[in-house]
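Residue numbers (my numbering): 6 to 191.
A virtual CB, placed ideally from N, CA and C, is assigned to each residue, including glycine.
Down below is the structure, laid out as structure tokens.
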């Protein structure tokens, strides 16, 4: 288990409400300089990193090699993510614990999970806001009452969007027709 990410370590951080993979280029005074999957370099405090690191590799000597490593990691974790049912994890863990680190949940899925399985589990739990709350470094299991309330809220939003969606399309086409007719009369 990696306790602190150094050069060559694959890490994840939140951006745009989604976990992003990056490769640590250097670490200095509690901050890391990262090479991201979007081919950019960025500097972040270590506190912004998600609490699962790894694996650590020899730092590739070219940007293309770094990009290839990150793309392979991303593909692998996305494939693993598709196999994880976070609601089943919530059902298994309910009554057992109130909160736990991501590795604990990954161990419910497989014995001795690797870095990628732990990261994919973390991503799945982050995406399942109806059943889990992320309070670093742990995930809290929401009560059945809160889960029911959140699911009802989501259903209400879905129904509202179902009703408003066609209306928006109609108003947009009406507006475009108005603009078109208005321009023709000038």
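- Our two residues, residue 107 and residue 157, have alpha carbons roughly 27 Å apart in a direct line.
- Buried is the label assigned to residue 58, since at least 16 other Cβ atoms lie within 10 Å of its Cβ.
- In the three-state reduction of the DSSP assignment, residue 37 falls in the strand class, which pools E and B.
- Taken in chain order, the complete alpha helix (DSSP H) segments of 4 or more residues contained in the stretch 85 to 127 are 91 to 98 and 107 to 114.
- For residue 138, the uninterrupted beta strand (DSSP E) run begins and ends at 137 to 140, by DSSP.
- In the DSSP assignment, residue 50 falls within the beta strand (DSSP E) that extends over 46 to 50.
- Per the C-alpha coordinates, the member of 134, 84, 63 and 62 positioned closest to residue 95 is 134.
- By the Cβ neighbour-count rule, residue 115 is exposed, with fewer than 16 other Cβ atoms within 10 Å of its own.
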